[in-house]
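**Student:**
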Amino acid sequence: MITNKLNFTVGPVQSSDAVRELGSEQVPYFRTPEFSELMFENERLMKAFTKADENARVCFMTGSGTASMEAAVANCFTQEDKVLVINGGSFGHRFEELVEIYDIPHTTIHLEMGKALTREQLYAYDGQGYTGLLVNVHETSTGVHYDIEMISDFCKKNGIFLIVDAISSFLCDEFDMKALGASVMITGSQKALACPPGISIIVLAPNAVERVYANKPKCMYLDLKLALKNGERGQTPFTPAVATLRQINVRLKEIEAAGGVEAEIKRIADLAEDFRKQIIELPFEIISDSMSNCVTPLHPKNVSAYDIFTILKDEYDIWICPNGGDMADKVFRVGHIGYLTKEDNKRLIDALKDMQRRNLL
230 MITNKLNFTV GPVQSSDAVR ELGSEQVPYF RTPEFSELMF ENERLMKAFT
280 KADENARVCF MTGSGTASME AAVANCFTQE DKVLVINGGS FGHRFEELVE
330 IYDIPHTTIH LEMGKALTRE QLYAYDGQGY TGLLVNVHET STGVHYDIEM
380 ISDFCKKNGI FLIVDAISSF LCDEFDMKAL GASVMITGSQ KALACPPGIS
430 IIVLAPNAVE RVYANKPKCM YLDLKLALKN GERGQTPFTP AVATLRQINV
480 RLKEIEAAGG VEAEIKRIAD LAEDFRKQII ELPFEIISDS MSNCVTPLHP
530 KNVSAYDIFT ILKDEYDIWI CPNGGDMADK VFRVGHIGYL TKEDNKRLID
580 ALKDMQRRNL L
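All residue numbers in the sequence shown are consecutive under the working numbering, ending with 590.
If you want it as C-alpha cells, here you go:
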C-alpha cells in the first residue's frame, strides 16, 4: 500500500480524509430515494459552482472526461453544423478526432506548443457561418489557459454554440457559465474535485438541453436524452460509479462549507503562486504564456523531462505529471490541485534541489 507518495499530477489527485474514508465503505444499492436525493444535491451544487442558468441540467456520466467530450459532440452537433476546433495540444487534438469520427464539418485552429489563442487567429473566422466552437479552456498537456472571455465574445457575436472542456480548470479558474454564454461545460471527478476517476460531468445550458432532445445520435450509452430523462428522478440510465458519485457529494459539500467556489479557486491559486516563486531558482523554463492555476508546465534546460519524472517517482516518492509522444522529453507538469499544502510544495522543491546537487538537473 502506497502511503508516503506525494501526488503533484493533474489527475487522479490526492483526496481529503472524508472522501477517502467514504471510499472504504461498501457500495450501497442506488435505485433508492436516498441516492436520488444525493444526486439532486450534486446537480444543485454543480450548477451553483459553474454559475449556470437556474434551468440548466447536469449529466453525470460514468466514464473519463473523454466520454463526456464525445457525448457533447455526438449529441450537440450534426452534419448540418460547421464547427471551429481550437487545437493547442493533446486534448484539442482529441476534439478534432471526435468531430472527424462523427463527420462534423469543421475547421481546426492549430496553435504552437505553449502559445495562447490570439484575437487575430480567432477573428480570422468572424462572419463565416460557423455554428459551433469546441475548446479545452485549459489545454492540460501544455498548461495554456485560453482567454475564455474573448472566445465568448466571438461566439456571441456570431451566434455560435460554445462547448467548453473545463476538465482541469474547473474550481481552479473563474468560470461563469451563464455570463459567458457557454452552452456546455465538461469536467471530471479526478481533477480539482479530488475524487477517484470514473465520473465525468456535463453541465447543459437550456439551449443545449433543447439541442440534445432534438438530435438523434448513433449511440446508446452516450445518448444524453437518456441521462436527462433519468436525471429528472435523480437517477442514471445505466449503473453508475456509485461510490464516486457519493464521494463527489462529500467533496462538493466540503467546498460549500469552506466558502464555495471562490474560496477553492483562491486556495489553488495561492498554491500555484507559492510553487512558481520557488521554481525560479531552478533550471526550468515555464513554457506557457497564459497559465491556469491548475498546473505549471516546465521545460528542463539540460535533461529529459521524463527522466525527472522517473527519478522523482522512484527515488523521492513524488509523482509529477509527465507528457507523452513528442513532448515526453520536453515538458513535465506540476499540478496544484487536490489535497496539497505549501509544505508539500517545499518537499518537491527540496527534492528538485537535491537532484540539482547530484547533477541530475
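Glycine included, C-beta positions come from ideal geometry on N, C-alpha and C.
By the 10 Å Cβ neighbour count, where 16 or more other Cβ atoms means buried, how is P526 classified, buried or exposed?
**Tutor:** Looking at its Cβ environment, which holds 16 or more other Cβ atoms inside 10 Å, P526 is buried.
**Student:** Using 8 Å as the threshold, is the stretch 434-446 in touch with the stretch 480-489, meaning 3 or more CB pairs across them?
**Tutor:** Judged by Cβ distances under 8 Å, the stretch 434-446 makes no contact with the stretch 480-489, as fewer than three pairs qualify.
**Student:** In the stretch 278-321, which residue ranges form an unbroken alpha helix (DSSP H) of at least 4 residues, counting only runs that do not cross its ends?
**Tutor:** Counting whole runs of 4 or more residues, the stretch 278-321 contains the alpha helix (DSSP H) stretches 294-305.
**Student:** Would you decide whether E510 is buried or exposed? Buried here means 16 or more other CB atoms lie within 10 Å of its CB.
**Tutor:** That one is exposed.
**Student:** Could you tell me the distance, in whole angstroms, from the CA atom of I516 to the CA atom of Y352?
**Tutor:** Going by the C-alpha atoms only, they are around 25 Å apart.
**Student:** Using a Cβ-Cβ cutoff of less than 7 Å, which residues in the same chain neighbour I231 once the five nearest sequence positions on both sides are dropped?
**Tutor:** Any answer about I231 is weak, because its pLDDT of 46 lies below 50 and its placement is not dependable; what the coordinates show is given next. Cβ neighbours of I231 beyond the five flanking positions: none.
**Student:** Does the stretch 455-465 touch the stretch 313-331, meaning 3 or more C-beta pairs lie closer than 8 Å?
**Tutor:** With the cut-off at 8 Å, the stretch 313-331 and the stretch 455-465 do not touch.
**Student:** Just reading off the alpha helix (DSSP H) that S381 is part of, what are its end residues?
**Tutor:** From DSSP, the alpha helix (DSSP H) with S381 extends over I377 to N387.
**Student:** Flag this pair as yes or no: are the beta carbons of C424 and Q476 separated by less than 8 Å?
**Tutor:** Cβ atoms of C424 and Q476: closer than 8 Å.
**Student:** Quick one: grab the DSSP three-state call for T347.
**Tutor:** Of the three classes helix, strand and coil, the one that applies to T347 here is coil, per DSSP.
**Student:** Straight-line CA distance for E326 to M298?
**Tutor:** So the alpha carbons of these two residues sit roughly 11 Å apart.
**Student:** Please determine if the stretch 343-361 and the stretch 301-315 are in contact, where contact requires at least 3 C-beta pairs separated by less than 8 Å.
**Tutor:** Result yes; three or more Cβ-Cβ pairs closer than 8 Å.
**Student:** If we count Cβ pairs, one from each stretch, closer than 8 Å, do we get three or more for the stretch 247-262 versus the stretch 581-588?
**Tutor:** Short answer: they don't touch.
**Student:** Using a Cβ-Cβ cut-off of 8 Å (strictly less than) and excluding sequence neighbours within five positions of S412, which residues of its own chain qualify?
**Tutor:** The answer, listed in chain order, is C305, F390, L391, I392, L433, A434, N436, A437 and R440.
**Student:** With R587 as the anchor, note down where its alpha helix (DSSP H) starts and where it stops.
**Tutor:** Premise fails: R587 is in no alpha helix (DSSP H) and is neither H nor E.
**Student:** If distances are taken between C-alpha atoms only, which option among Y568, L474, L589 and D555 comes closest to M342?
**Tutor:** That would be D555, whose Cα lies nearest to the Cα of M342.
**Student:** In its own chain, which residues sit with a C-beta less than 7 Å from the C-beta of D573, not counting the 5 before and 5 after it?
**Tutor:** These residues qualify, in order along the chain: L235.
**Student:** Enumerate, from N- to C-terminal direction, the unbroken alpha helix (DSSP H) stretches of 4 or more residues contained entirely within the stretch 534-571.
**Tutor:** Entirely contained in the stretch 534-571, the alpha helix (DSSP H) runs reaching 4 residues are, in chain order, 534-545.
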